[in-house]
Amino acid sequence: MELRVQSPSGLTHLTLPESATFAHLKAALTAQLSIPASEQELCTGFPPRPIPASDAEPLALSLQSGTRLLVRRTAAPPPPRPAGRRKPTNVRRLTPPAAAASSSDPPSPSPAAAAAAASSEPPSPPPAAASSSDPPPAKKSRRVAADERSGEADPLAHTLRGKAAAPRRASSVESLARAYALGEGALGASRGGRTCDFLSEHGMIEHRVSAVAARQYVLQLDEARAGGTLHAEFKAVRRVVRESVPRLRRDELHALLACLRARGSSRRGNSFAHLLSLREMASRSAAVLWSFVHEFGGDVEGGVATLMSEMEPAT
């Protein structure tokens, strides 16, 4: 049987008897190509595929005379690890706490030695009183919000934790009206939102408007703080949104409308009416919106009309 052998060294011809086995073939390849039998991979066909044959199998069962045989050299198998050898480890012996304390503490003196040591020590002076010249202890600095009602509950306040998400207390109704008309809420709404996320801001406004228009909300008054706090819950797309804003009483809402009216043009007495729609309240001030909802049972436009009618005799 004559075989054409393609190896990394080139193409050679190998002649073997018809009764030869794969063991004889590997021995001949080792002698001619200097490749150990354990590193030989015999392939045939196109594309080349390994020959699934044992060393005792005759060549005539898998190969024919004139067949092209591809010999590849595989990586040598790693040497076997010695049995019974363990990886060395650093042994640390832990001492029980009681034993460690007993070994580290010095032995206690006898009663006689303790009495002698006490008599030899001078009496300790009394603690010195704090002098009037000493500076008082420093107090922890606190960031007190100066204008709570003029601020807005962040549309993402339910996901935020900290001082940035807390509402701020207003100093007066005038500052609240100024912030409502020209403050951060109005300017932020004109720029597309205050959170640098237009989609989240616009979506929160739409959810507020939809909840109030459909009367699908839960509004609770918490009177633990001065003036009270309104906790509103309404449904968004995939979750329930919760907002906490300061409550404005009826007289404060009346004063707010009066301040907004004073800021309007004298030639148009109702030039501020466009600022009091449901959508404008939802985008400018959540505190004003939920205060109107709480005071007038969800009828925001009716509450605005009622307060404006009460202001007519004054003009």
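In UniProt numbering, the protein residues as written are 1 to 315. Just so it is clear, CB atoms sit at the ideal spot from N, CA and C, and this is done for glycine as well.
I need the straight-line Cα distance from residue i to residue j, nearest angstrom please.
i: residue 374; j: Met-1; result: With the chain covering only 1 through 315, there is no way to say anything about residue 374.
i: Gly-303; j: Arg-238; result: 31 Å
i: Asp-299; j: Val-209; result: 12 Å
i: Pro-17; j: Ala-23; result: 13 Å
i: Ala-60; j: Glu-41; result: 18 Å
i: Ala-214; j: Ser-172; result: 32 Å
i: Glu-301; j: Glu-223; result: 26 Å
i: Leu-3; j: Thr-67; result: 5 Å
i: Leu-182; j: Ser-277; result: 16 Å
i: Ile-205; j: Ser-285; result: 10 Å
i: Gly-203; j: Leu-221; result: 25 Å
i: Phe-292; j: Glu-312; result: 19 Å
i: Thr-89; j: Thr-12; result: 54 Å
i: Ala-47; j: Leu-33; result: First, the amino acid is wrong: residue 47 is Pro here, not Ala. So the two alpha carbons sit approximately 23 Å from each other.
i: Ser-19; j: Pro-80; result: 35 Å
i: Thr-159; j: Gln-216; result: Caution applies to Thr-159, whose pLDDT of 46 falls short of 50 and renders its modelled position unreliable; the model cannot decide the point.
i: Arg-225; j: Lys-235; result: 26 Å
i: Ala-157; j: Arg-93; result: Any reading at Ala-157 must be qualified, since the residue scores a pLDDT of 49, below 50, and its modelled position is unreliable; no value is offered.
i: Glu-174; j: Trp-290; result: 19 Å
i: Gly-10; j: Arg-86; result: 46 Å
Which of helix, strand or coil does DSSP assign to residue i?
i: residue 353; result: Not covered by the structure: residue 353. The range shown for the chain is 1 to 315.
i: Gly-303; result: helix
i: Val-293; result: helix
i: Gly-298; result: coil
i: Glu-243; result: strand
i: Ala-236; result: coil
i: Glu-41; result: strand
i: Gln-216; result: coil
i: Leu-278; result: helix
i: Arg-4; result: strand
i: Leu-253; result: helix
i: Gly-227; result: coil
i: Leu-260; result: helix
i: Leu-33; result: helix
i: Leu-25; result: helix
i: Leu-221; result: strand
i: Leu-16; result: coil
i: Leu-248; result: coil
Which residue wins for smallest C-alpha separation from residue i, given the options the options?
i: Glu-39; options: Asp-251, Ala-27, Pro-246; result: Ala-27
i: Ala-282; options: Thr-229, Phe-296, Ala-211; result: Ala-211
i: Phe-296; options: His-254, Ile-205, Cys-259; result: His-254
i: Leu-14; options: Ala-305, Leu-69, Leu-94; result: Leu-69
i: Arg-250; options: Pro-58, His-294, Thr-44; result: His-294
i: Ala-53; options: Arg-263, Ser-62, Thr-12, Phe-46; result: Ser-62
i: His-274; options: Trp-290, Glu-252, Ala-305; result: Ala-305
i: Ala-37; options: Ala-75, Pro-58, Gly-203; result: Ala-75
i: Leu-25; options: Phe-46, Gly-45, Pro-58; result: Pro-58
Are the beta-carbon atoms of residue i and residue j separated by less than 8 Å?
i: Val-288; j: Leu-248; result: yes
i: Glu-233; j: Val-218; result: yes
i: Val-5; j: Val-91; result: no
i: Pro-8; j: Arg-49; result: no
i: Asp-55; j: Thr-21; result: yes
i: Leu-257; j: Met-308; result: yes
i: Ala-177; j: Leu-260; result: yes
i: Val-241; j: His-207; result: yes
i: Val-43; j: Ile-35; result: A small fix is needed here, since residue 43 is Cys in this sequence, not Val. Taking 8 Å as the Cβ cut-off, Cys-43 and Ile-35 do not qualify as a contacting pair.
i: Arg-263; j: Phe-272; result: yes
Tell me whether residue i, by its Cβ, gets closer than 7 Å to a heavy atom of the ligand GTP.
i: Glu-310; result: As far as ligands go, the structure on display features none, and thus does not contain the ligand GTP.
Ordered list of beta strand (DSSP E) runs contained in the segment 46-94, each at least 3 residues: 68-73
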